[in-house]
Amino acid sequence: MSVDLTHRLLERRLVPVVVIEDAARAVDLAQTLLSAGLGVIEITFRTAAAEESIRRIAKECPKMLVGAGTLLDSDQVKKAVDAGAQFGLAPGLDEKVITAAQKAKLTFVPGVVTPSEIQKGLSLDCPIQKFFPAEQAGGANYLKALEGPYGHTGVRFIPTGGLQANNVGPYLALKSVAALGGSWFVDKKYIQGAEWETIGRLTKEAIQLTKGAKS
Numbered sequence: 001m002s003v004d005l006t007h008r009l010l011e012r013r014l015v016p017v018v019v020i021e022d023a024a025r026a027v028d029l030a031q032t033l034l035s036a037g038l039g040v041i042e043i044t045f046r047t048a049a050a051e052e053s054i055r056r057i058a059k060e061c062p063k064m065l066v067g068a069g070t071l072l073d074s075d076q077v078k079k080a081v082d083a084g085a086q087f088g089l090a091p092g093l094d095e096k097v098i099t100a101a102q103k104a105k106l107t108f109v110p111g112v113v114t115p116s117e118i119q120k121g122l123s124l125d126c127p128i129q130k131f132f133p134a135e136q137a138g139g140a141n142y143l144k145a146l147e148g149p150y151g152h153t154g155v156r157f158i159p160t161g162g163l164q165a166n167n168v169g170p171y172l173a174l175k176s177v178a179a180l181g182g183s184w185f186v187d188k189k190y191i192q193g194a195e196w197e198t199i200g201r202l203t204k205e206a207i208q209l210t211k212g213a214k215s
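Quick look at the structure:
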């Protein structure tokens, strides 16, 4: 993972997790996030529109760092890279997927929730890991407990899953938290309704939550 890309990915300590059903909305969404001050976006491979959405954003919004989420197999990794994704994420840790991403020179963030998965991720050269599903797995208190044995390794986490504006504070207080992964400010209902003003306002509010927190 290059230093520059890592800085860009974690600059605002916020990664919007986007589920998009219509690729025609992708560029407007990306431009809305950029205008609000957020230069990173994760398009999840949960819909048929994901690949084309990444392609359009990569082409028309060069200032946006665009990533692909929910990459579950090597084929999806290839599609994401071909579309222009600059980083990838997954909800779990699959060595084959990580290897495919590394061969494609795609910065990759695997999902972890147990000590064994964290150690496996570190052994596969993944210093940034997605803690998922964060709230359901025990939240910030659980993640804080993991800092004891793993804090000295330099591993950093992106908690994702169940995060909302009213519960992110405890995560931001942890030294191991590199960024938050959330969808509350880019909810698919807002995207489907082209509610760009709402998304812009909520994104600015989300950015404010991360300011002044430990990094």
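Residue numbers for the sequence shown follow the working numbering, so the first one is 1 and each next one is one higher. Every residue gets a Cβ at the ideal spot worked out from N, C-alpha and C, and that includes glycine. Keep in mind the model is a prediction, meaning the values are calculated, not measured.
Distance, residue j Cα to residue i Cα
i, j, result
"Pro-133", "Thr-210", "20 Å"
"Cys-126", "Lys-105", "13 Å"
"Leu-172", "Ala-179", "8 Å"
"Ala-49", "Thr-160", "22 Å"
"Gly-84", "Thr-44", "14 Å"
"Glu-51", "Lys-79", "7 Å"
"Ala-26", "Leu-143", "33 Å"
"Gly-37", "Ile-199", "12 Å"
"Glu-197", "Leu-14", "19 Å"
"Lys-103", "Gly-92", "19 Å"
"Leu-10", "Leu-122", "19 Å"
"Pro-149", "Val-177", "15 Å"
"Val-168", "Lys-204", "15 Å"
"Ser-53", "Leu-65", "13 Å"
"Ala-140", "Lys-175", "11 Å"
"Val-19", "Lys-189", "10 Å"
"Ala-24", "Leu-124", "37 Å"
"Ala-194", "Arg-12", "24 Å"
"Ser-74", "Gly-39", "27 Å"
"Ser-215", "Asp-82", "Any reading at Ser-215 must be qualified, since the residue scores a pLDDT of 49, below 50, and its modelled position is unreliable; the value itself is stated next. Cα-Cα distance, rounded: 32 Å."
"Pro-219", "Gly-151", "This structure cannot settle anything about residue 219, because the visible part of the chain is limited to 1 through 215."
"Val-206", "Ser-116", "For the sequence presented, residue 206 should be read as Ala rather than Val. In a straight line, the C-alpha of Ala-206 is about 32 Å away from that of Ser-116."
"Cys-61", "Asp-4", "18 Å"
Member of the options whose CA lies at the smallest distance from the CA of residue i
i, options, result
"Ile-41", "Lys-63, Ser-116, Val-177", "Lys-63"
"Thr-6", "Glu-21, Gly-37, Gly-88, Leu-71", "Gly-88"
"Lys-130", "Val-109, Glu-147, Gly-139", "Val-109"
"Val-201", "Leu-34, Val-81, Arg-8", "It should be noted that the sequence gives Arg, not Val, for residue 201. Comparing Cα-Cα distances from Arg-201 to each of Leu-34, Val-81, Arg-8, the minimum goes to Leu-34."
"Ala-100", "Ala-140, Lys-175, Pro-115, Gln-76", "Gln-76"
"Lys-120", "Arg-8, Lys-189, Glu-95, Leu-146", "Glu-95"
"Pro-170", "Gly-138, Val-17, Ala-90, Thr-47", "Gly-138"
"Asn-166", "Glu-195, Gly-151, Gln-208", "Gln-208"
"Arg-46", "Pro-115, Gly-151, Ala-90", "Ala-90"
"Arg-8", "Gly-151, Thr-107, Pro-115", "Thr-107"
Distance between beta carbons of residue j and residue i, contact taken as under 8 Å
i, j, result
"Gln-86", "Gly-69", "The pair is not a contact, with the Cβ atoms about 13 Å apart (cut-off 8 Å)."
"Val-97", "Leu-71", "6 Å"
"Glu-259", "Gln-192", "Nothing can be reported for residue 259: it is not among the residues displayed for the chain, which extend from 1 to 215."
"Gly-162", "Gln-136", "6 Å"
"Ile-128", "Leu-146", "Going by Cβ atoms, the distance from Ile-128 to Leu-146 rounds to 14 Å, so no, they are not a contact pair."
Are at least three pairs of beta-carbons, each pair with one atom in the region 140-155 and one in the region 182-189, less than 8 Å apart? Verdict: no, contact absent.
Counting Cβ pairs, one atom from each stretch, are 3 or more of them under 8 Å apart for the region 23-30 and the region 50-57? With the cut-off at 8 Å, the region 23-30 and the region 50-57 touch.
Curious, which full-length beta strand (DSSP E) runs of at least 3 residues does the region 105-146 contain? Along the length of the region 105-146, whole beta strand (DSSP E) runs at least 3 residues long occupy 107-109, 128-131, reported in chain order.
Entirely enclosed beta strand (DSSP E) segments - the region 76-102, minimum 3 residues: Counting whole runs of 3 or more residues, the region 76-102 contains the beta strand (DSSP E) stretches 87-89.
Residue ranges of each alpha helix (DSSP H) within the region 8-66, 4 or longer: Whole alpha helix (DSSP H) segments, 4+ residues: 26-36, 50-60.
Which parts of the region 149-192 are runs of the alpha helix (DSSP H), unbroken and 4 residues or longer, counting only runs that do not cross its ends? The qualifying runs are 169-172, 188-192.
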